[in-house]
Amino acid sequence: CHNNMILLIIYWYAYAAILNWIKLSRLTHSKVLSTDGLFMKTAIKLLSGVAFEAKSGSGHTIIMDGAAESGGQNHGARPMEMLLMGLGGCSAYDVVSILRKSRQDITDIALEIEAKRAETDPKIFTSIHLHFKIFGQNISKNIVERAINLSAEKYCSASIMLGKSAQITHDYEIFNPAT
45 CHNNMILLII YWYAYAAILN WIKLSRLTHS KVLSTDGLFM KTAIKLLSGV
95 AFEAKSGSGH TIIMDGAAES GGQNHGARPM EMLLMGLGGC SAYDVVSILR
145 KSRQDITDIA LEIEAKRAET DPKIFTSIHL HFKIFGQNIS KNIVERAINL
195 SAEKYCSASI MLGKSAQITH DYEIFNPAT
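Okay, structure coming up:
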């Protein structure tokens with residue numbers, strides 16, 4: 045009788061865990077996460093240890109994890125790295141769009157970002173440097189500078205937000221491959 049009671053409790057907890065997983069899975073994979081441009085949502089789900097699955101409102105999924113010394117297993121990018129990646133994607137998107145609208149014959153763009161964090165908690169970014177590498181034919185230095193400045197000062201929401209706490213600098217190189 046005692047063993048049956050223990051088994052019943054174990055089954056009950058397993059059943060509750062499965063129901064909770066199903067409910068969370070539906071939440072993180074439902075249309076509730078839709079994004080309309082002004083209102084955005086994301087859902088974060090613990091996988092194991094300090095690894096998380098993040099699902100965007102547009103339906104994309106990424107894994108974030110911590111370093112081994114922080115209890116992670118290095119299964120994904122660190123959350124703070126994701127902020128830098130978002131900044132890079134936002135900035136590169138703007139610069140490419142502006143250069144194309146300015147009829148610049150770009151064939152590629154690469155962006156390298158370096159950042160320094162505060163030494164004490166909260167370890168926010170204190171300085172961020174973006175280095176653009178622009179590839180193409182007859183690229184105008186003035187138009188590249190204008191595109192980078194417009195992104196940094198007007199269009200890139202990530203840059204403007206991070207610029208409230210970090211000094212953000214930019215530079216660039218233009219590569220005109222031989223034809």
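If you count by our numbering, then the sequence shown holds residues 45 to 223, one letter each, in order.
From the three backbone atoms N, C-alpha and C, an ideal C-beta is built for every residue, glycine too.
| Query | Result |
| --- | --- |
| Start-end ranges of the beta strand (DSSP E) lying completely within the stretch 136 to 177, minimum 3 residues | 149 to 161 |
| Neighbourhood of ALA191 by C-beta, 6 Å cutoff - its chain only, sequence neighbours within 5 removed | VAL139, ILE142 and LEU143 |
| Spatial distance of THR164 from THR170 (CA atoms) | 11 Å |
| Burial state of ARG84, where buried means 16 or more other Cβ atoms lie within 10 Å | Note that residue 84 is Met in the sequence shown, not Arg. Looking at its Cβ environment, which holds fewer than 16 other Cβ atoms inside 10 Å, MET84 is exposed. |
| SER203 classed as buried or exposed, judged by whether at least 16 other C-beta atoms fall within 10 angstroms | buried |
| Three CB pairs or more closer than 8 Å across the stretch 150 to 168 and the stretch 125 to 134 | yes |
| C-beta contact flag for ASN118 and GLN181 at 8 Å | no |
| Limits of the unbroken alpha helix (DSSP H) element including SER100 | Segment 95 to 100 is the beta strand (DSSP E) holding SER100; no alpha helix (DSSP H) there. |
| For LEU206, the three-state DSSP class (helix, strand or coil) | helix |
| Per-residue burial, SER114 [other beta carbons within 10 Å of its own, 16 or more giving buried] | exposed |
| Which listed residue (LEU82, LEU155 and ALA210) has its alpha carbon closest to that of ILE218 | LEU155 |
| Per-residue burial, SER74 [other beta carbons within 10 Å of its own, 16 or more giving buried] | Only weak support is given to the placement of SER74: the predicted model assigns it a pLDDT of 45, under 50, and the question is left unresolved by the model. |
| Whether ILE178 touches SER146 by CB criterion (8 Å) | no |
| Burial state of LYS152 (16 or more Cβ within 10 Å) | In the sequence as displayed, the identity of residue 152 is Asp instead of Lys. So ASP152 counts as exposed. |
| Reduced DSSP secondary structure (H/G/I, E/B, other) of MET84 | coil |
| Distance between LYS198 and HIS214 (C-alpha atoms, nearest Å) | 15 Å |
| Simplified DSSP state of SER184, which is helix, strand or coil | coil |
| GLU97 to GLY110 span [Cα, whole Å] | 12 Å |
| Close-in-space but distant-in-sequence residues of the same chain around ALA95 (CB under 8 Å, 5 per side omitted) | ILE107, MET108, ASP109, GLY110, GLY116, GLN117, HIS119 and GLY120 |
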